[in-house]
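Chemist: Numbering (the numbering used here), first residue to last: 18 to 120. No residue lacks a Cβ here, since even glycine has one placed at the ideal position from N, Cα and C. None of these values were measured; they are calculated from a predicted model. The structure's right below; bear with me while I get my questions together.
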Amino acid sequence: AKPEPQQEEMPATEKDLAEDAPWKKIQQNTFTRWCNEHLKCMHKRIGDLQKDLSDGLKLIGLLEVLSQKKMYRNQYGQLNMANLPWPTQYGQLTMANPIQPTQ
18 AKPEPQQEEM
28 PATEKDLAED
38 APWKKIQQNT
48 FTRWCNEHLK
58 CMHKRIGDLQ
68 KDLSDGLKLI
78 GLLEVLSQKK
88 MYRNQYGQLN
98 MANLPWPTQY
108 GQLTMANPIQ
118 PTQ
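Dropping the structure here:
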């Protein structure tokens, strides 16, 4: 009978950086709950971060809540991604009007 090959143990640093590392799931859940707490007033909710933030609409909603300013949208309520100057908008939100921490 042949001895079974032993699986090598993954070093701790590689485990921490692995796609399924427990701390990543904890951080993802914490951030999702934080986003949902702020999006409550807009009657929006995030279930899956990657899927729900992919079109940018809920992300813009979150920025509007945090900055207390409205972003440009076209007449159908959709964000006009082509006309939004991302670096300019982001810079104006973060530099000129810093977001105050909530308590």
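Could you tell me if G78 is buried or exposed, where buried requires 16 or more neighbouring beta carbons within 10 angstroms of its beta carbon?
Modeler: Classification of G78: buried, given that the 10 Å Cβ count is 16 or more.
Chemist: Cα-Cα, which of E36, E31 and D65 is closest to N46?
Modeler: Considering only alpha carbons, the answer is D65.
Chemist: Short check: CB of I63 to CB of D72, under 8 Å?
Modeler: Taking 8 Å as the Cβ cut-off, I63 and D72 do not qualify as a contacting pair.
Chemist: Between which residues of its own chain and E36 is the CB-CB distance below 6 Å, once the five residues before and five after are set aside?
Modeler: Excluding residues within five positions, none has a Cβ falling inside 6 Å.
Chemist: Closest to E54 by CA distance: which of E31, L83 and P39 is it?
Modeler: Of the listed residues, the one whose Cα sits closest to E54 is L83.
Chemist: Can you give me the Cβ contacts of L10 inside the same chain, cut-off strictly under 8 Å, excluding the 5 residues immediately before and after it?
Modeler: As displayed, the chain neither begins before 18 nor continues past 120, which places residue 10 out of reach and without an answer.
Chemist: Report the start-end ranges of each alpha helix (DSSP H) in the segment 28-57 that is 4 residues or longer and not cut off at the edges.
Modeler: Those alpha helix (DSSP H) runs which fall completely within the segment 28-57 and span 4+ residues are 29-34 and 39-56.
Chemist: Leaving out five residues on either side along the sequence, give the residues of the same chain with a beta carbon under 8 Å from the beta carbon of K41.
Modeler: Excluding positions up to five away in sequence, the list is empty.
Chemist: So, is C58 buried or exposed, given that buried needs 16 or more other C-beta atoms within 10 angstroms?
Modeler: Answer is exposed; the Cβ neighbour count stays below 16.
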